[in-house]
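Undergrad: Before I ask anything, here is the structure I am working with.
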Amino acid sequence: ENLVPFTETVYPFILLDHYLTEPLVLTRDKENTIRCFSNVCTHRGNIVVANPGNAKQLICMYHGRRYGLNGAFKSMPEFEDAKNFPRPCDDLREFVVRVLGPLVFVGLNPAFDFDEVLGLMTERIGFLPLHQFKFDKSLSKDYLVNCHWALYCDNYLEGFHIPFVHHDLNEALDYGNYTTEIYDHANLQIGHASDGTEVFDLPEYHKDYGSQIGAYYYWVFPNMMFNFYPWGLSINVVKPISLNKTRVSFITYIYDENKFSKGASAMLDKVEREDEFVVEGVHKGVQSRFYSTGRFSPTREKGVHHFHRLLSKYLEKDM
Numbered sequence: 004e005n006l007v008p009f010t011e012t013v014y015p016f017i018l019l020d021h022y023l024t025e026p027l028v029l030t031r032d033k034e035n036t037i038r039c040f041s042n043v044c045t046h047r048g049n050i051v052v053a054n055p056g057n058a059k060q061l062i063c064m065y066h067g068r069r070y071g072l073n074g075a076f077k078s079m080p081e082f083e084d085a086k087n088f089p090r091p092c093d094d095l096r097e098f099v100v101r102v103l104g105p106l107v108f109v110g111l112n113p114a115f116d117f118d119e120v121l122g123l124m125t126e127r128i129g130f131l132p133l134h135q136f137k138f139d140k141s142l143s144k145d146y147l148v149n150c151h152w153a154l155y156c157d158n159y160l161e162g163f164h165i166p167f168v169h170h171d172l173n174e175a176l177d178y179g180n181y182t183t184e185i186y187d188h189a190n191l192q193i194g195h196a197s198d199g200t201e202v203f204d205l206p207e208y209h210k211d212y213g214s215q216i217g218a219y220y221y222w223v224f225p226n227m228m229f230n231f232y233p234w235g236l237s238i239n240v241v242k243p244i245s246l247n248k249t250r251v252s253f254i255t256y257i258y259d260e261n262k263f264s265k266g267a268s269a270m271l272d273k274v275e276r277e278d279e280f281v282v283e284g285v286h287k288g289v290q291s292r293f294y295s296t297g298r299f300s301p302t303r304e305k306g307v308h309h310f311h312r313l314l315s316k317y318l319e320k321d322m
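Residue numbers for the sequence shown follow the numbering used here, beginning at 4 and rising by one.
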């Protein structure tokens, strides 16, 4: 929400640049409603909004076509004699928007109901004061990983490798109680904390009340991760660049700065570097003419198996 912090503000952006490369624009109108539209003029295809800032309407600088902050066509010079004008297709294309605390989600052509995903997340993290979470630019960064994007997701979706790859993280988490819950288009890994590690202060009505939870790791198909810690939230967005390059954006929201340097969250960058080393090795290895496929651990790789089933399902639909 901080991208359009006030009424009558706009924010243009490119969705998954170098992959989808779709020009979009967020608007917040005077009624405080956040919307998302195609940032392409319905006249000749020019980009409508070039820069973020205040705006009472959207004006294409090419030929002066105007739109309201609700995306509706308003006016256009030299079209007085045009027949059947304007039509609905002269409005900017609007896309589905959902909001969770400070987070705004946009779907171009949703294949599943995102409200179900938000509902699942709210069951566990709804007790947190999400509107108090503040974006921290200094703690947010991009990582360039030399691997296929799906291999990065594979690695995220299992804690099986933690004792072997992340020795410090393994000390902060109780590996024996590390659990994975599978849902339709999302899954959740629950990081139970070792003694002395920072944990959530769970209310009595919470389903995990009485447990020492150090982290909730949500993955949403196909490429988003939401890592909730006692201090706040780290979002990972996995962005394919090519078959062998992936950009991973770490977006950080702070709630309690005093807890940031404690527990599993204190080693985010170190864990990421360790993960990169492993997945880059896997990317090289799976290209071997002698590698075919491996079995999934029934106890430790449920999340990876879930991801592969969803990939298969949606790839088959597109064939």
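Just so you know, even glycine gets a beta-carbon here, dropped at the ideal spot from N, CA and C. All of these numbers come straight from a predicted model, not from anything done at the bench.
(1) I need the straight-line Cα distance from E25 to M228, nearest angstrom please.
(2) Who does V148 pair with in a DSSP beta bridge?
(3) When DSSP labels each residue in this structure, what does C39 get in the three-state scheme?
(4) Grouping DSSP H, G and I as helix and E and B as strand, with all else coil, what is G67?
(5) Is the segment 148-158 close to the segment 235-249, with three or more CB pairs under 8 Å?
(6) Give the secondary structure of E119 by DSSP, where H, G and I count as helix, E and B as strand, and everything else as coil.
(7) What do you reckon, are the CB atoms on G288 and L160 nearer than 8 Å?
(8) Only counting the same chain, and skipping five residues up and downstream in sequence, which positions put a Cβ closer than 7 Å to that of K59?
(9) What residues match up with R101 in a beta bridge as DSSP calls it?
(10) Check whether the segment 250-258 touches the segment 117-129, counting contact only when three or more Cβ pairs, one atom from each stretch, lie closer than 8 Å.
(11) For V102 and R38, which I take to be in contact (beta-carbon distance under 8 Å), what is that distance rounded to the nearest angstrom?
(12) Look up V240 in the DSSP assignment and give the residues it is bridged to.
(13) Apart from the five residues just before and just after V168, which ones in its own chain have a Cβ nearer than 6 Å to its Cβ?
(14) Compare the beta carbon distance of N49 and Y70 with 8 Å and say whether it is the shorter of the two.
(15) When the Cα of E207 is compared with those of R127, L271, I185, which residue comes out closest?
(16) Give me, in chain order, the residues of the same chain whose beta-carbon lies closer than 8 Å to that of H134; leave out the 5 immediate sequence neighbours on both sides.
(17) Where does N87 fall in DSSP's three states?
(18) Count the other CB atoms within 10 Å of the CB of T30; is the residue buried (16 or more) or exposed (fewer)?
(19) On a Cα-Cα basis, can you pick out the residue from F163, E184, Y212 that is closest to S300?
(20) For T45, I'd like the list of residues in its chain whose CB is within less than 6 Å of its CB, leaving aside the five on either flank, ordered along the chain.
(21) For N190, which three-state DSSP category applies?
(22) In or out: F82 buried (at least 16 other Cβ within 10 Å) or exposed?
(23) Can you tell me whether Y212 is buried or exposed? The criterion is at least 16 other CB atoms within 10 Å of its CB, across all chains shown.
(24) Assuming H209 contacts F130 (C-beta within less than 8 Å), just tell me the rounded distance between them.
(25) Taking DSSP's pairing of strands, which residues face T183 in a bridge?
(26) Helix or strand or just coil, what does DSSP make of G306?
(27) Between V148 and E279, which are expected to be in contact by the criterion C-beta below 8 Å, what is the C-beta distance as a whole number of angstroms?
(28) Relative to the C-alpha of N112, which candidate in S41, Y221, D198, Y256 has its C-alpha closest?
(29) What three-state label does DSSP hand P166 in the structure shown?
(30) Sort I165, R292, E275, R298 by Cα distance to Y146 and report the nearest one.
(31) Roughly how many angstroms separate the alpha carbons of I165 and V285, rounded to a whole number?
(32) Among D139, D32, E304, N247, whose alpha-carbon lies nearest the alpha-carbon of F9?
TA: According to the data block:
(1) 21 Å
(2) T249
(3) strand
(4) coil
(5) yes
(6) helix
(7) no
(8) E11
(9) F108
(10) no
(11) Actually they are not in contact, since the Cβ atoms of V102 and R38 sit about 11 Å apart, beyond 8 Å.
(12) M227, S252
(13) E277, V281
(14) no
(15) R127
(16) G104, P105
(17) coil
(18) buried
(19) F163
(20) D93
(21) strand
(22) exposed
(23) exposed
(24) 6 Å
(25) Q192
(26) helix
(27) 5 Å
(28) S41
(29) helix
(30) E275
(31) 16 Å
(32) D32
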